[in-house]
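In the UniProt record's numbering, the protein residues as written are 1 to 299.
Everything on this sheet refers to the single structure shown next.
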């Protein structure tokens, strides 16, 4: 996320927790079973556990998960778990303090992240997934270190190929590392076998060292896209429903919701225009190629 030049949304343009829950309730009536709360960074929203409780009470919702940078997780982990969060994804691109703070451009964040991971395990989040974006020349020398921690900790490390989103187009062209390269290096550490992924495995393919507590996973949006398996929709903070994380297509649900309209036809229409694939490699605006920042739509 850029440090400067951000266009902040007005508070009145944001959905309230009750409005978010209303959209989820409508979609649950259409078959939605799983909800992931992401960002940006969701833990900066005040009293997030209140939203979790509202969603957990909706009939048909079977699973609620959280994606976070974990900086603020330690103090909120117990409340979120009690409210209904069952599992958590943590973004962590390095195990080195200075490197984490350089990549995140947030001095002092490393200790908070590690405390958040420890708290997540202590309160019982299961599974705990660590998402590592591979950045050539910045963290690709830590592939083995990340894989090694899965031997002793019940954490599921997932390597993700760098994607051209928002303002990192130049970076992704120069620093791309494929997950196939990462797996080749991990295999040199010892035998790893394909395994079934933990709950909510989504697009990842998983492997495990013999006797390991956790797993190693790879997510390959660039080298082997998984669009044919994607059944996700994303609701932004200001009420836009997006059928593709990487696309420019969106439907305004906020205004019809506030006007008391039936959202079902709008949701169905958005689902029907979900692109068959993304166009990240081409960087095209065709179909789903509007390259937005993940701080706007969530990961």
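Even glycine gets a Cβ: it sits at the ideal position worked out from N, Cα and C.
| task | Starting from the Cα of residue 51, find the closest Cα among 103, 143, 116 and 237 and give me that residue. | result | Scanning 103, 143, 116 and 237 for the CA closest to the CA of residue 51 turns up 237.
| message | How far does the alpha helix (DSSP H) with residue 206 in it extend, from its first residue to its last? | response | It is not in any alpha helix (DSSP H) - residue 206 instead sits in the beta strand (DSSP E) that spans 205-208.
| How is residue 71 classed by DSSP in three states: helix, strand or coil? | coil
| request: Apply the 10 Å Cβ neighbour rule to residue 264 and answer buried if 16 or more other Cβ atoms are within range, or exposed otherwise. | output: exposed
| field | DSSP-derived helix/strand/coil call for residue 23 | value | helix
| said: In the DSSP output, which residue or residues are listed as bridge partners for residue 47? | reply: Answer is none; residue 47 lacks a bridge partner.
| For residue 239, is the classification buried or exposed, using 16 other Cβ atoms within 10 angstroms of its Cβ as the cut-off for buried? | buried
| query | Does the beta-carbon of residue 46 have 16 or more other beta-carbons within 10 angstroms, so that it is buried, or is it exposed? | reply | exposed
| request: Would you check if the distance between the CB atom of residue 151 and the CB atom of residue 209 is smaller than 7 Å? | output: With contacts defined as CB atoms closer than 7 Å, residue 151 and residue 209 qualify as a contacting pair.
| task | Find the nearest neighbour of residue 97 within the set 76, 142, 59 and 61, judged by alpha-carbon distance. | result | Looking at the Cα atoms, 142 is the closest of the given residues.
| request: Could you pull out every residue in the same chain whose Cβ sits closer than 7 Å to the Cβ of residue 91, ignoring the five residues on either side in sequence? | output: 69 and 131
| Length of the line joining the Cα atoms of residue 14 and residue 125 | 28 Å
| query | Beta carbon of residue 54, beta carbon of residue 21: below 7 Å? | reply | yes
| message | Which same chain residues end up closer than 6 Å to residue 139 when comparing Cβ atoms and leaving out the 5 residues on each side of it in sequence? | response | Closer than 6 Å at the Cβ level, and outside the excluded window around residue 139, lie 93 and 94.
| field | Inter-residue CB distance, residue 61 and residue 24 (contact presumed, cutoff 8 Å) | value | 7 Å
| Taking the alpha carbon of residue 234 as the point to measure from, which residue in 12, 32, 206 and 78 has its own alpha carbon closest? | 32
| field | Distance, residue 242 Cα to residue 249 Cα | value | 6 Å
| query | Is residue 303 buried or exposed, if buried means 16 or more other CB atoms sit within 10 Å of its CB? | reply | Residue 303 falls outside the range modelled here, since the chain spans only 1 to 299, and no answer is possible.
| query | Can you tell me whether residue 184 is buried or exposed, with buried defined as 16 or more other CB within 10 angstroms of its CB? | reply | exposed
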